[in-house]
Amino acid sequence: MAVRVQVSDFDMGAEVALLRRGRTDLGAVVTFTGLVRDLAGDNPISAMELEHYPGMTEKSLEAIEAEAQRRWPLQASLIIHRHGRLAPGDQIVLVATASPHRAAAFESAEFLMDYLKSRAPFWKKEETGRGDSWVDARETDEDALSRWR
Amino acid sequence: MDVLYFAWVRERVGKPREVVATEAKTVADLVDELIAREERYAVAFEDMSTIRVALDQELAELSAPLTGVREVAFFPPMTGG
């Protein structure tokens, strides 16, 4: 179980290999990788700046990881979230969950992502040819979270 | 207490953090005090439905008491992931 908030990139394959190392009891590993898209609506973006709240970010990610463990039989989990300036195509976030059964691994990975979207203290600013703008929270993200209540 | 601002709230207030001497009893009282102080706070806190609050790094309501709180943070709805 681990949470990392970092500027540097990550290697999904290496992270999963580390998570599996020395273990033969895992039944399923689900990973999700979030990427910076090159469009904001119809506007091409040149970069994305990701701001976060040092201290609160780590605490809130650890709390949601603990909540996922309470809800599903997780054998391992990992959340890596980047901050700083990212370019289109860059990786933003990695979530990995391992469980004896696939349903728990899929569901808990979705749960972690839904939480990250609207409860973890990150903010995105997109740089476009028309200037910079903060990404608004979307109502659909809130709806996605409500299904876990 | 330490007051922190993030994202566009930080940009509108014009600084990431400051130390505020206050007798405010709740977060809402603190917001009113800041708004009365300078125009830039009025701009930042124009629509409180778009502002989220954390007290000592835990999400809280505007009505939450400030007793014993060391760090207050104001920011827009989060957009991680």
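In the order they appear, the protein sequences are chains Y and P. When you number the first sequence by numbering that gives the first Met the number 0, it's gap-free, plus one each residue, and the end is 148. When you number the second sequence by numbering that gives the first Met the number 0, it's gap-free, plus one each residue, and the end is 80. Backbone N, C-alpha and C define an ideal beta-carbon position, used for all residues, glycine too. For clarity, every value in this text was computed on a predicted model and none was experimentally measured.
beta-carbon residue 146 of chain Y near the ligand ATP non-hydrogen atom, thresh 6 Å: Absent from the structure shown: the ligand ATP. Ligands present: none.
DSSP state of residue 4 of chain P mapped onto helix, strand, coil: strand
Chain Y within 7 Å of residue 20 of chain P, Cβ atoms only: no
Three-pair Cβ contact test at 8 Å for the stretch 96-108 of chain Y versus the stretch 50-63 of chain Y: no
Assigned secondary structure, residue 12 of chain Y (DSSP; H/G/I helix, E/B strand, else coil): helix
Residue 133 of chain Y at chain P interface by Cβ criterion, 7 Å: yes
Status (buried if at least 16 other CB within 10 Å, exposed otherwise) for residue 47 of chain P: exposed
When Y:32, Y:4, Y:5 and Y:6 are compared against residue 15 of chain Y, the one with the closest alpha-carbon: Y:32
Close-in-space but distant-in-sequence residues of the same chain around residue 133 of chain Y (CB under 6 Å, 5 per side omitted): 124
Short Cβ contact (7 Å threshold) for residue 63 of chain Y with residue 114 of chain Y: yes
Runs of alpha helix (DSSP H) wholly within the stretch 49-102 of chain Y (minimum 4 residues, chain order): 55-70
Host alpha helix (DSSP H) of residue 139 of chain Y (start-end): 138-145
Per DSSP, the bridge partner or partners of residue 70 of chain P: P:1
Reference residue 13 of chain P, options P:25, P:43, P:31 and P:35, closest by Cα: P:43
Inter-residue CB distance, residue 122 of chain P and residue 63 of chain P (contact presumed, cutoff 8 Å): In the structure displayed, chain P extends from 0 to 80; residue 122 of chain P sits before or after that span and is not available.
For residue 30 of chain Y, three-class secondary structure by DSSP: strand
Best match in Y:122, Y:126, Y:144 and Y:143 for proximity to residue 53 of chain Y [C-alpha to C-alpha]: Y:122
7 Å Cβ cutoff, residue 13 of chain P in contact with chain Y: no
Cβ pair residue 127 of chain Y, residue 44 of chain Y closer than 7 Å: yes
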